[in-house]
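These notes concern the structure reproduced below.
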DNA sequence: CTTGGGTATAATGTATGCTAAATGCAATGT
DNA sequence: ACATTGCATTTAGCATACATTATACCCAAG
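Residue numbers (the working numbering), protein chains in the order written: chain A, -10 to 211; chain B, -10 to 211.
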């Protein structure tokens, strides 16, 4: 395997992205170029370029001459993003489900088992982040829709911090873990329609939970 | 209206975008930072930042240490993009159609009239670019789905150059202009289902035309 | 006390120049 | 003749330095 040279810009982008996703940088916080540059021991140029990338990912807003801030998603924006996710992920799944091999399904089940034991161990961070997206990703892996996939990944990443926040504040996932089992079963049965509809309601269900919480928080601000 | 100060980066981005959309820069062409900087009388920094933005828009590929190239869309990528557009634009329309006012519909019709006279005058550039997107935009204007809208605009822009290319090579639009009238009628009737289905087939029809041409070109390369 | 304008300051935007990586070519050895 | 290594050239990446813009503050006028 070839070693890869990461540019400073890429490293900086990863660092800032992580800060935003973990909540170290909260929504609305201003991102000062000079401060970040000093902290990461680089000049402002790679910081600026990283911020531009993150803007494309929807994690920061970049306003000319005013600087960057971590994006603050309103309840209505969350609403829209999850609607988009439902739409796009169902589309992906419908294109992928026919091509899923037995091995793919076994792999997905293994990830699910890991996910469940992570949940039992109380590691919601791992369960909702990496493992969750790996499970969904496995189901979409045969879609051969790279651009759609990219969009889906982007929006997943973008909503991840809100899912995490929800877990913190609500004290756990409300979406039942057995939903994943059901989804997997539909995929096994190659029942595209049922699988997609179930996936949509799975995503929209998560949305409703998060939105409720967010609306409450928005209210409390007044 | 507030006057707005455009940064060099924005100006450069617009300039390069235009070059790509008009075909002055062809798909696959390398974009040399120094050359662009010299041509536009700026330093390489705004050029770099503009290229990063354009990468987010999908118009260029940016590879570390190798430079940027105008994205080259294969037939299968075109396929996927138009599928996405059909999906997303139908979604937008479904959210917008109920909110469309009489005035909106009149405005849309006016744009359509302009579009038709531009077509009669042989100005396909204007008809397919600005006027076409303004017509569709008017129909989506009440959707209150800013993120979806942004995606749709991005993909429209991205496919525009292929539509133009198609017109050049095929000697005209194959999609009948009266399709727009039909779509408008469905919107007037507030028939969401019919309007969305019609819109989808409208977009997918355009896709097929362009894909055919693209496949032919790809074949001819061998 | 409020409002308007001008200046100070802090932040972003951009130019210049240096560093480092990738590519092509030539020289050397097999 | 071919592969391989090293060098030279080109191009991108980045740091430093300077220019420009926005904002906050102060002072003066109403």
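Even glycine gets a Cβ: it sits at the ideal position worked out from N, Cα and C. Since the structure is predicted, the reported quantities are computational estimates derived from the model, not experimental observations.
- Using a 10 angstroms sphere on the CB of residue 68 of chain B, the tally of other CB atoms reaches 16 or more, which defines it as buried.
- Residues of chain A with a Cβ closer than 7 Å to the Cβ of residue 134 of chain B are, in chain order, 69.
- Flagged as an interface residue toward chain A: residue 72 of chain B, by a C-beta distance shorter than 9 Å.
- Counting only the Cα atoms, residue 40 of chain B lies some 39 Å from residue 96 of chain A.
- When the five nearest sequence neighbours on each side are left out, the beta carbons in the same chain lying within less than 7 Å of the beta carbon of residue 77 of chain B are those of 137, 140, 141, in order along the chain.
- Annotation for residue 121 of chain B: the continuous alpha helix (DSSP H) segment containing it runs 121 to 129.
- Against residue 137 of chain B, the close residues of chain A are 69, 73, in the order they occur along the chain (beta-carbon pairs closer than 7 Å).
- For residue 12 of chain A, there is no enclosing beta strand (DSSP E), since its DSSP letter is neither H nor E.
- 34, 37, 38, 41, 42, 44, 45, 46, 47, 53, 54: these are the residues of the stretch 30 to 64 of chain B whose beta carbon lies less than 9 Å from some beta carbon of chain A, given in chain order.
- For residue 87 of chain A, no alpha helix (DSSP H) encloses it, and the DSSP letter there is neither H nor E.
- DSSP, read as helix, strand or coil, puts residue 20 of chain A in strand.
- Under the DSSP assignment, residue 50 of chain A falls outside any alpha helix (DSSP H), being part of the beta strand (DSSP E) whose first and last residues are 49 to 52.
- Around the beta-carbon of residue 82 of chain A, 16 or more other beta-carbon atoms lie within 10 Å, marking it buried.
- The Cβ of residue 182 of chain B sits no closer than 9 Å to any Cβ of chain A.
- Contact between the stretch 19 to 34 of chain A and the stretch 11 to 23 of chain B is absent, with fewer than three C-beta pairs closer than 8 Å.
- Here residue 117 of chain A is buried: its Cβ has 16 or more other Cβ atoms, across all protein chains shown, within 10 Å.
- By the Cβ test, the stretch 55 to 67 of chain A is not in contact with the stretch 107 to 117 of chain A, since fewer than three Cβ pairs between them sit closer than 8 Å.
- Under a 10 Å Cβ-count criterion, residue 28 of chain B is classified as exposed, with fewer than 16 other Cβ atoms of the shown protein chains found around its own Cβ.
- Secondary structure of residue 26 of chain A (DSSP, three-state): helix.
- Excluding its 5 nearest sequence neighbours in each direction, residue 166 of chain A has C-beta neighbours in its own chain below 8 Å: 104, 105, 108, listed in chain order.
- The stretch 120 to 130 of chain A makes contact with the stretch 84 to 92 of chain A; the number of CB pairs closer than 8 Å reaches 3 or more.
- Residue 53 of chain A is positioned such that its CB atom lies no closer than 9 Å to that of residue 102 of chain B.
- One Cα belongs to residue -6 of chain B, the other to residue 0 of chain B, and the distance between them is close to 10 Å.
- Assignment of residue -4 of chain B by DSSP, reduced to helix, strand and coil, places it in the coil class.
- With a beta-carbon spacing of about 6 Å, residue 64 of chain B and residue 207 of chain B fall inside the 8 Å limit used to define contacts.
- Cα atoms of residue 191 of chain B and residue 94 of chain B: separation of roughly 19 Å, rounded to the nearest angstrom.
- Inclusion of residue 9 of chain B and residue 48 of chain B in the CB contact set at 9 Å is warranted, their separation being smaller than that value.
- For residue 22 of chain A, no CB of chain B lies under 9 Å from its own CB, so it is not counted at the interface with that chain.
- DSSP places residue 137 of chain A in the uninterrupted alpha helix (DSSP H) bounded by 135 to 159.
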